[in-house]
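Peer 1: Taken in order, these protein sequences are the chains called A and B. Per numbering that gives the first Met the number 0, the very first residue in the first sequence carries number 0; after that it's consecutive. Per numbering that gives the first Met the number 0, the very first residue in the second sequence carries number 0; after that it's consecutive.
There are 2 protein chains.
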Amino acid sequence: MMHAQEKFRTIHYGIGAIGVEVLKLALQRQDIQVVGAIDTHPHKAGRDVGEVLGLGRNLGVSVSYDAEIFLRNTQADIVVHCTSSHLISVYPQLLQAISSEKNVISSCEELSFPWVGSNELAPKLDRRAKEAGVTILGVGVNPGFVMDVLPLVLTSVCQEVRSIRVKRVVDTATRRGQLQMKTGAGLSPAEFRFRVSDGAVGHVGLRGSLFMIAETMGWQLDEVKETTEPVLATRRFETGAYVVDKGRVAGLQQTAIGVMGGREVIKLDLQMAMGAEDPRDVITIDAKPPINLKISGGVQGDQATAAIMANLIPTVMRARPGLLTMRDVPLIPFWGARVPWKEAAGDEHLRVV
Amino acid sequence: MMHAQEKFRTIHYGIGAIGVEVLKLALQRQDIQVVGAIDTHPHKAGRDVGEVLGLGRNLGVSVSYDAEIFLRNTQADIVVHCTSSHLISVYPQLLQAISSEKNVISSCEELSFPWVGSNELAPKLDRRAKEAGVTILGVGVNPGFVMDVLPLVLTSVCQEVRSIRVKRVVDTATRRGQLQMKTGAGLSPAEFRFRVSDGAVGHVGLRGSLFMIAETMGWQLDEVKETTEPVLATRRFETGAYVVDKGRVAGLQQTAIGVMGGREVIKLDLQMAMGAEDPRDVITIDAKPPINLKISGGVQGDQATAAIMANLIPTVMRARPGLLTMRDVPLIPFWGARVPWKEAAGDEHLRVV
């Protein structure tokens, strides 16, 4: 049983663009105590977290570069993991965290819905997590929310769902260089195609979102179609990181379509490009009743990803052991209420007024 | 452990407008077996369910009028409860269901967030449900989804939430007479105020939605302001149930506002009136990132309420015992996947492709 004054002790594994934002949020939260950080970047390893964040003061927590030893020797409740998009790259890191008997919340895109394909990593992680009695959950805004979880939540008020379509449009001109690079900004169309084929350009996770929807809906897809096309700049763009001349690649248009019985039952359409018009998230569910939803401006990805990672730390702490997905957990963060520990979850109902 | 061919056995307690729709859905579901129905309406009690639904065939399940005896003597997994809006009216019915060791999913509006005020009914239900080892959950579209659960789900991608506003506009001209009656259609403004004061007119649940949001966000409200005003007809309306002349009441405009530190941190604004323009659900969250969401046409209430009741039956069956709210359970219905029984939940991950 956790008492009100107790805190979730976090270790922040990876303090790049997203990791730093989560760390800043964690430092603001009264229910979180940051006890460690791990990063091998030479500008960060060995320095104090306060210095790395530019807080103007030391926090007494230095950035470790040896994850395995640090995790084994440090008492903590949960590892906040933000290093890479691909499951195969982060698998050893996740195993280190699990082996040290710590829960894990990760921004790894492929961990958002890892039960895809014939890979053996997901069942292995699940088994190891259960053996260690810890929970591991992949979260994010896309994949993990806008193009999969949110439409699935909306189906809870639907009868007879015939199709689910999601369109997300992001204007990357206002976003960080790393994201612009992933969308192929500045390349020629030929370079774009080459980079897509070797995996350097493209959004990781659309396929996972598609399968999360299909499996949850019980739809046995006959065919999955995926495309990644360049969006060409119709004018010159200059951002902090990139200059893109007219006619060069401004970003990408990526789709994943699921076909069942000759019908497109799922269509995910993601456009991320400099100067993309009318940034938005649109969810269209053909059902009874129909759902036609639009989030004007779209959900800002970096801010939202950092938010959901910090917000769901208590959710992971209360969840059952194993490799879970966003389908398996209550989606509403308890913002203010101090909630009891795993076993005791639900024994406490705060009464108001 | 539930095997794939096993079904959730349901008893449908109350087969009015909503109850009938849920029953029809349950009959279509392969994972549900309808084993009973209860209603005291003289046109329904004693007749076969198939006859009451106008299916043109008997189902071999007749409508019982004696709930207590029927519940005690019938083997079932869950009671699907759709009788009345007020907790105090349905409390004895819920206790009957719990005492017969059956889980309960209910459309009772006040059960959606019953931890409001100084009533002793919620803690009593919670205790009795835990003693019996069953789960009880109140669900619905409003309260229960559009004006409380959905905005709270959206906060999972937000940092620094400063305020939550929801506006729901329903054109009742296309809806059933019972709803029109609840909104005061056809009354004079003076009659409207009288009916509001005695509780016959007005939406039940806005206060519950407000408190669900406030408590979840950890906002200690200094003040709660509630208003219910008539919307007057600007032209004549004729529907199946009502004729409303110009100048008479076409419906209502109801608001609930939560104030904290001198600021309106929650505003719920519900308009339900014949001819209401631009029917919609709008959720505005002042946060980082901001969320500006619109569901064009709004979520159709009756269809959605029937849907969420049927969809969440497996969720209730898997949940821990006690009186739960939508905050406490995974919100994504497993549409197709056959999921294992309570204790075994999560031991089975279907792999796709």
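No residue lacks a Cβ here, since even glycine has one placed at the ideal position from N, Cα and C.
The beta strand (DSSP E) with ASN102(A) in it runs from where to where?
Peer 2: As a working mapping, residue 102(A) is identified with position 103 in the first sequence. From DSSP, the beta strand (DSSP E) with ASN102(A) extends over 102-105.
Peer 1: In chain order, what are the residue ranges of uninterrupted alpha helix (DSSP H) at least 4 long that sit wholly in the stretch 72-140 of chain A?
Peer 2: Counting whole runs of 4 or more residues, the stretch 72-140 of chain A contains the alpha helix (DSSP H) stretches 86-98, 120-131.
Peer 1: Anything in chain A within Cβ reach of ALA306(B), meaning under 7 Å, just list it in chain order.
Peer 2: Here residue 306(B) refers to the residue found at position 307 of the second sequence. Neighbours of ALA306(B) on chain A, chain order: VAL156, CYS157, GLN158.
Peer 1: Use the C-beta contact count for GLY35(A): other C-beta atoms within 10 angstroms, 16 or more gives buried, fewer gives exposed.
Peer 2: Translated into positions along the first sequence, residue 35(A) becomes position 36. So GLY35(A) ends up on the buried side.
Peer 1: Measure the Cβ-Cβ separation of THR39(B) and TYR12(B) and say whether it is below 8 Å.
Peer 2: Here residue 39(B) refers to the residue found at position 40 of the second sequence. Here residue 12(B) refers to the residue found at position 13 of the second sequence. For THR39(B) and TYR12(B), no; Cβs fall outside 8 Å.
Peer 1: Can you grab the Cα-Cα spacing for the pair THR233(A) / THR283(A), in whole Å?
Peer 2: Position 234 of the first sequence, counting from 1, holds the residue named residue 233(A). Position 284 of the first sequence, counting from 1, holds the residue named residue 283(A). Taking the straight line from one Cα to the other gives about 29 Å.
Peer 1: Please confirm whether GLN253(B) and LEU205(B) have their CB atoms less than 8 Å apart.
Peer 2: For this step, residue 253(B) is matched to residue 254 along the second sequence. For this step, residue 205(B) is matched to residue 206 along the second sequence. Cβ atoms of GLN253(B) and LEU205(B): closer than 8 Å.
Peer 1: Does any residue of chain A bring its CB to less than 8 Å from the CB of PHE7(B)?
Peer 2: Indexing the second sequence from 1 puts residue 7(B) at position 8. With 8 Å as the cut-off, PHE7(B) does not count as an interface residue toward chain A.
Peer 1: Going by DSSP, name the residue or residues bridged to THR9(A).
Peer 2: Against the first sequence, residue 9(A) aligns to sequence position 10. Looking at the DSSP assignment, THR9(A) forms a beta bridge with VAL33(A), ILE77(A).
Peer 1: Do you know how far the Cα of LEU54(B) is from the Cα of SER98(A)?
Peer 2: Locating residue 98(A) in the first sequence gives position 99, where the first residue counts as 1. Locating residue 54(B) in the second sequence gives position 55, where the first residue counts as 1. For SER98(A) and LEU54(B), the distance between alpha carbons rounds to 58 Å.
Peer 1: Write down every uninterrupted run of the beta strand (DSSP E) in the stretch 252-307 of chain B whose length is 3 residues or greater and which is fully enclosed by it, in chain order.
Peer 2: Complete beta strand (DSSP E) runs here, min 3: 262-272, 279-287, 290-295.
Peer 1: In the DSSP assignment, find the unbroken beta strand (DSSP E) run with SER162(A) in it and report its ends.
Peer 2: Reading the first sequence from its first residue, position 163 is the one you call residue 162(A). Run containing SER162(A): 158-170, per the beta strand (DSSP E) assignment.
Peer 1: What is the residue span of the alpha helix (DSSP H) that VAL21(B) lies within?
Peer 2: For this step, residue 21(B) is matched to residue 22 along the second sequence. Note, VAL21(B): alpha helix (DSSP H), 16-27.
Peer 1: Which residue wins for smallest C-alpha separation from LEU251(B), given the options ALA199(B), ALA318(B), SER295(B)?
Peer 2: Mapped onto the second sequence, residue 251(B) falls at position 252. The shortest Cα separation from LEU251(B) among ALA199(B), ALA318(B), SER295(B) belongs to ALA199(B).
Peer 1: Does the CB of SER295(B) have a neighbour CB from chain A at under 8 Å?
Peer 2: As a position in the second sequence, residue 295(B) is number 296, starting the count at 1. Yes, because at least one Cβ of chain A sits closer than 8 Å to the Cβ of SER295(B).
Peer 1: Exposed or buried, ILE10(B), counting other C-beta atoms within 10 Å across all chains shown (16 or more means buried)?
Peer 2: The residue labelled residue 10(B) in the question sits at position 11 within the second sequence. Buried, by the Cβ-count rule.
Peer 1: Flag this pair as yes or no: are the beta carbons of VAL281(A) and VAL165(A) separated by less than 8 Å?
Peer 2: For the purposes of this step, residue 281(A) is taken as residue 282 along the first sequence, with counting starting at 1. For the purposes of this step, residue 165(A) is taken as residue 166 along the first sequence, with counting starting at 1. A contact, by the Cβ cut-off of 8 Å.
Peer 1: Mapping DSSP to helix, strand and coil, what is ALA309(B)?
Peer 2: The count along the second sequence starts at 1 and reaches residue 309(B) at position 310. Three-state result, ALA309(B): helix.
Peer 1: Would you call the stretch 240-249 of chain A and the stretch 135-145 of chain A touching, i.e. three or more CB-CB distances under 8 Å?
Peer 2: Because the criterion of three Cβ pairs below 8 Å is not met, the stretch 240-249 of chain A and the stretch 135-145 of chain A do not touch.
Peer 1: To which residues of the same chain is SER162(A) closer than 6 Å at the C-beta, ignoring the five residues directly before and after it?
Peer 2: Residue numbering aside, residue 162(A) sits at position 163 when the first sequence is read from its first letter. Here the set comprises VAL264, ASP285.
Peer 1: Helix, strand or coil, according to DSSP, for LYS245(B) in the structure here?
Peer 2: Position 246 of the second sequence, counted from the first residue, corresponds to residue 245(B). In the structure shown, LYS245(B) sits in coil (DSSP, three-state: anything other than H, G, I, E or B).
Peer 1: Spatial neighbours of ALA16(A) within its chain, please: CB distance less than 8 Å, with the 5 preceding and 5 following residues excluded, ordered by chain position.
Peer 2: As a first step, residue 16(A) must be located in the first sequence, where it is residue number 17. So the qualifying residues of the chain are ARG175, GLN177, ASP301.
Peer 1: Please list the residues of the stretch 181-193 of chain A that have a C-beta atom closer than 9 Å to any C-beta atom in chain B, keeping them in chain order.
Peer 2: The residues in question: there are none.
Peer 1: Output, in sequence order along the chain, the residues in the stretch 277-302 of chain B whose CB is closer than 7 Å to any CB in chain A.
Peer 2: Answer in chain order: LYS287, PRO288, ILE290, ASN291, LEU292, LYS293, ILE294, SER295, GLY296, VAL298, GLN299, GLN302.
Peer 1: Of the choices GLN29(A), LYS23(A), PRO332(A), LEU22(A), whose alpha-carbon is the least far from that of LYS421(A)?
Peer 2: Within the shown structure, residues of chain A are numbered from 0 to 352, placing residue 421(A) beyond reach of any answer.
Peer 1: Going by Cα to Cα distance, which pick from GLY246(A), PRO288(A), TRP218(A), ASP277(A) is closest to GLY257(A)?
Peer 2: Position 258 of the first sequence, counted from the start, is the residue given in the question as residue 257(A). For GLY257(A), the nearest C-alpha among the options comes from TRP218(A).
Peer 1: Taking the continuous alpha helix (DSSP H) assigned at LEU323(B), which residues delimit it?
Peer 2: In the second sequence, counting from the first residue as 1, residue 323(B) sits at position 324. Where LEU323(B) is concerned, there is no enclosing alpha helix (DSSP H), although the beta strand (DSSP E) it sits in stretches over 321-323.
Peer 1: What are the boundary residues of the alpha helix (DSSP H) that includes PRO150(A)?
Peer 2: Residue numbering aside, residue 150(A) sits at position 151 when the first sequence is read from its first letter. First-last of the alpha helix (DSSP H) with PRO150(A): 148-153.
Peer 1: Determine the contact status of ALA275(B) and VAL115(B), defining contact as a CB-CB distance below 8 Å.
Peer 2: Position 276 of the second sequence holds residue 275(B). Position 116 of the second sequence holds residue 115(B). No. Outside cutoff.
Peer 1: How many angstroms separate the CA atom of ARG353(A) from the CA atom of LEU149(A)?
Peer 2: This structure gives no information on residue 353(A), because the portion of chain A shown stretches from 0 to 352.
Peer 1: Hey, would you say VAL21(A) sits closer than 8 Å to CYS81(A), going by beta carbons?
Peer 2: For the purposes of this step, residue 21(A) is taken as residue 22 along the first sequence, with counting starting at 1. For the purposes of this step, residue 81(A) is taken as residue 82 along the first sequence, with counting starting at 1. Yes; because the gap between Cβ atoms is below 8 Å, this pair is in contact.
Peer 1: For VAL230(A), which option in VAL223(A), GLY260(A), GLN270(A), PHE193(A) has the closest C-alpha, if you only look at C-alpha atoms?
Peer 2: Position 231 of the first sequence, counted from the start, is the residue given in the question as residue 230(A). Checking every option, the nearest Cα to that of VAL230(A) belongs to GLN270(A).
Peer 1: How far does the alpha helix (DSSP H) with VAL230(B) in it extend, from its first residue to its last?
Peer 2: Translated into the one-based positions of the second sequence, residue 230(B) becomes position 231. Note, VAL230(B): premise wrong, no alpha helix (DSSP H); beta strand (DSSP E) at 222-231.
Peer 1: Kindly say whether ILE312(B), judged by its beta-carbon, lies nearer than 8 Å to any beta-carbon of chain A.
Peer 2: Sequence index remark: in the second sequence, residue 312(B) carries index 313 (1-based). So no, ILE312(B) is outside the interface.
Peer 1: What number of angstroms, rounded off, separates the C-alpha of LEU94(A) from the C-alpha of MET180(A)?
Peer 2: The residue labelled residue 94(A) in the question sits at position 95 within the first sequence. The residue labelled residue 180(A) in the question sits at position 181 within the first sequence. C-alpha separation (whole angstroms): 29 Å.
Peer 1: Do you know whose CA, among THR154(A), SER196(A), PHE193(A), MET316(A), lies nearest PRO289(A)'s CA?
Peer 2: Numbered from 1 along the first sequence, position 290 holds the residue referred to as residue 289(A). Ranking THR154(A), SER196(A), PHE193(A), MET316(A) by Cα distance to PRO289(A) puts THR154(A) first.
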